[in-house]
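Asks: If you scroll down you'll find the structure; I have some questions about it.
Residue numbers (the working numbering): 41 to 205.
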């Protein structure tokens, strides 16, 4: 027992040190609205959004249509992110693509929702050069929340502030 307690304390301390730390450049990308201005641009971005979610989600795609891309999850205290991507028309004829990511773990999400949001927006805009994460089965872990709206949904991690569209 004397050896287990210090090990558990170190693990808990390590988990806490990385929570809540978001680089300003990541936050700027994650909070910048994703607004397309032409039908061709919006169609291309919506296709990229679907590809990104498919390639990055640990959960299966649940809904895919002209205004919503949504995965199953989160569930079971997992740290893996579940995603909800929306496409909403604006009064000026442009469209805004919204990003929300959340998990069901009190330990936080993996990957961090802010980083996922920044990566998603960079990929959709076409200025991401890093390869997509491999798609893994839904049996892997879930993660925290990154909603477009300021209010966090029940049962999600609260260590990630909201991210705008």
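Glycine included, each C-beta is placed from N, C-alpha and C at the ideal position.
For residue 131, which of helix, strand or coil comes out of DSSP?
Replies: To locate residue 131, count along the chain shown from 1; it is residue 91. Residue 131 falls in the coil class under three-state DSSP.
Asks: Measure how close the beta-carbons of residue 111 and residue 100 come, nearest whole angstrom, since I'm counting them as under 8 angstroms.
Replies: As a working note, residue 111 is residue 71 in the chain shown. As a working note, residue 100 is residue 60 in the chain shown. Confirmed, about 7 angstroms.
Asks: If you draw a straight line from the alpha carbon of residue 114 to that of residue 146, how long is it in whole angstroms?
Replies: Locating residue 114 in the chain shown gives position 74, where the first residue counts as 1. Locating residue 146 in the chain shown gives position 106, where the first residue counts as 1. Each residue's Cα considered, the two are about 12 angstroms apart.
Asks: Residues in the same chain with beta-carbon distance under 8 angstroms from residue 161, minus the five sequence neighbours each way, listed in chain order, please.
Replies: On the chain shown, residue 161 is found 121 positions in, with the first residue counted as 1. If we look at residue 161 and ignore the five residues flanking it on each side, its Cβ neighbours are 69, 70, 72, 74 and 139.
Asks: Using the beta-carbon count (16 or more within 10 Å), is residue 61 buried or exposed?
Replies: Start at 1 with the first residue of the chain shown, and residue 61 comes out as number 21. With fewer than 16 Cβ atoms within 10 Å of its Cβ, residue 61 is classed as exposed.
Asks: Identify the continuous alpha helix (DSSP H) that holds residue 75 and give its terminal residues.
Replies: Within the chain shown, residue 75 is the residue found at index 35, counting from 1. Run containing residue 75: none in the alpha helix (DSSP H); it sits in the beta strand (DSSP E), 74-76.
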